[in-house]
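Only one structure is covered here, and it is reproduced in the block below.
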Amino acid sequence: MKNVNWETQRQAVQLTNLDATISKYCAVSKGYYSDPYIHLFVSTKEKRQPLINRGTHARVQAVQRLVERFLQFTTPYGKRQIINLGSGFDTLVFRLREKEFLGQDDVFVELDFPEITRTKRQIIQQHPSLHSLLGTTSFQKVHDGLSCGVYSLIGVNLEQIERVSYLLEKVCQLSPDSPTLVISECVFTYMEPQNADQIIQYFSSTFSFISFILFELTFPTDPFGRQMVKNIEQRGCSLASLSAYPTLKAQKERFIQYGYSKVDIMSMYSFYEDVLDSEEKQRIERLELLDELEEWRLLMQHYFLLYCLKVNNNTLKDSEVNCLWDSFRFISKHRKVEEESLS
Numbered sequence: 320m321k322n323v324n325w326e327t328q329r330q331a332v333q334l335t336n337l338d339a340t341i342s343k344y345c346a347v348s349k350g351y352y353s354d355p356y357i358h359l360f361v362s363t364k365e366k367r368q369p370l371i372n373r374g375t376h377a378r379v380q381a382v383q384r385l386v387e388r389f390l391q392f393t394t395p396y397g398k399r400q401i402i403n404l405g406s407g408f409d410t411l412v413f414r415l416r417e418k419e420f421l422g423q424d425d426v427f428v429e430l431d432f433p434e435i436t437r438t439k440r441q442i443i444q445q446h447p448s449l450h451s452l453l454g455t456t457s458f459q460k461v462h463d464g465l466s467c468g469v470y471s472l473i474g475v476n477l478e479q480i481e482r483v484s485y486l487l488e489k490v491c492q493l494s495p496d497s498p499t500l501v502i503s504e505c506v507f508t509y510m511e512p513q514n515a516d517q518i519i520q521y522f523s524s525t526f527s528f529i530s531f532i533l534f535e536l537t538f539p540t541d542p543f544g545r546q547m548v549k550n551i552e553q554r555g556c557s558l559a560s561l562s563a564y565p566t567l568k569a570q571k572e573r574f575i576q577y578g579y580s581k582v583d584i585m586s587m588y589s590f591y592e593d594v595l596d597s598e599e600k601q602r603i604e605r606l607e608l609l610d611e612l613e614e615w616r617l618l619m620q621h622y623f624l625l626y627c628l629k630v631n632n633n634t635l636k637d638s639e640v641n642c643l644w645d646s647f648r649f650i651s652k653h654r655k656v657e658e659e660s661l662s
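When we follow this note's numbering, the leftmost residue of the sequence shown carries the number 320, and every step to the right adds one.
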């Protein structure tokens with residue numbers, strides 16, 4: 320996208336947080352999945368089409384299942400660290416605490432623009448139900464956010480990688496040796512590719528036991544993709560990283576290049592068709608009538624889920640790493656077909 324004003328782009332990207340939060344609230348209100356906390360972060364009763372509700376369900380389920388798997392297979396390794404990049408008003412930390420996946424020794428860090436973290440801080444401070452989940456009524460204000468034992472909310476521009484590394488290592492005091500998981504949902508898409516690549520490389524070089532979950536757009540050059548890009552750019556968002564890494568193959572090779580030895584990637588359509596069990600699909604398909612089945616397929620094929628694992632050889636044996644990877648990854652019924660369609 321040419322001649323985009325930086326401040327206009329920043330504001331447009333921040334608005335995507337509100338859009339995603341409303342979509343999650345609508346999906347929850349229709350019964351697609353449970354989230355007792357998302358209503359605290361919305362002030363509108365807007366509705367979403369069944370297509371969006373179903374897609375939101377798939378996105379939330381995919382990410383949460385991978386996070387829970389990560390926490391399950393790293394239980395023997397002590398303190399775990401989760402970093403949610405561009406977290407917006409996401410409620411994952413509260414859902415994980417409610418289900419007791421996150422212990423008091425674990426750390427959950429959220430990073431986003433200061434304008435967003437300040438608002439989220441106010442909401443958290445207003446609701447005792449959130450305090451109890453975090454195990455405290457006492458919060459320290461830090462860097463346009465807040466901090467307590469298990470949780471830190473930090474305001475920062477993610478494109479300032481030196482600032483990000485300082486906040487994670489010095490302020491949050493993350494350990495380079497503890498199992499660490501990074502979550503990035505529709506964040507890199509809006510960044511300059513070299514800045515997003517610096518983040519990927521930073522985590523790979525800094526943490527000895529690192530996993531990554533990436534949810535993004537893909538295939539911008541086919542007819543559906545071109546219209547998708549046009550719609551997003553009309554809202555003021557540049558998609559430089561999408562142009563730099565336009566296919567599943569390119570995204571996978573991107574992470575391999577930066578040292579992640581175990582990398583899987585699948586379209587969200589493959590996740591929905593091949594990973595979700597039939598009972599769950601039958602349940603959500605009864606919630607609302609969806610006529611646009613071809614549009615549904617195309618939409619889901621233009622989003623992907625990438626997840627990876629990198630463990631230094633001096634940390635664990637190769638056989639143990641392979642076992643951890645098998646516990647983490649999704650096994651698609653049609654994985655061979657999916658892999659053949661990477662490009």
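By construction, the Cβ of each residue, glycine as well, lies at the ideal position given by its N, Cα and C atoms.
- Here I519 has Y577 as same chain residues with Cβ atoms under 6 Å from its own Cβ, once five neighbours each way along the sequence are excluded.
- In the DSSP assignment, C627 falls within the unbroken beta strand (DSSP E) covering 622-630.
- For a cut-off of 8 Å, the C-beta gap from L493 to V426 is around 7 Å, short enough to register as a contact.
- Bridge pairing for V426: Q400 [DSSP].
- Listed in chain order, the non-local C-beta contacts of F413 below 7 Å within the same chain comprise Y356, L449, L452, local neighbours out to five positions each way being set aside.
- By the Cβ rule, the stretch 528-537 counts as touching the stretch 493-513, because three or more pairs are nearer than 8 Å.
- Rounded to whole angstroms, the separation of the alpha carbons of Y352 and R373 is 10 Å.
- Between R378 and S586, the alpha-carbon positions lie close to 11 Å from each other.
- Rounded to whole angstroms, the gap between the alpha carbons of N641 and K581 is 9 Å.
- A339 is positioned such that its CB atom lies no closer than 8 Å to that of R554.
- Exclusion of the five residues before and after T393 leaves R399, P498 as the residues of its chain whose Cβ lies within less than 6 Å of its Cβ.
- G405 carries a coil assignment under DSSP once its states are collapsed to helix, strand and coil.
- For I584, the pairing in a beta bridge is given by DSSP as L625.
- In this structure, T634 sits near F528, with a CB-CB distance shorter than 8 Å.
- Cβ contact annotation for E511 (same chain, cutoff 6 Å, sequence separation greater than five): A559, in chain order.
- A contact between stretches requires three or more CB pairs, one per stretch, nearer than 8 Å, and the stretch 465-480 meets this requirement with the stretch 413-423.
- For the pair T436 and Q546, the Cα-to-Cα distance works out to about 32 Å.
- R648 sits close to D583, with the two beta carbons spaced by under 8 Å.
- Between the alpha carbons of L608 and W615 lies a distance of about 12 Å.
- Counting only residues of its own chain and dropping the five nearest sequence neighbours on each side, E417 has a CB closer than 7 Å to the CB of L452.
- For D516, same chain residues with a beta-carbon under 8 Å away, outside a window of 5 residues either side, are R573, Y577 in chain order.
- Listed in chain order, the non-local C-beta contacts of F538 below 6 Å within the same chain comprise G544, H621, local neighbours out to five positions each way being set aside.
- For Y470, the enclosing beta strand (DSSP E) begins and ends at 470-474.
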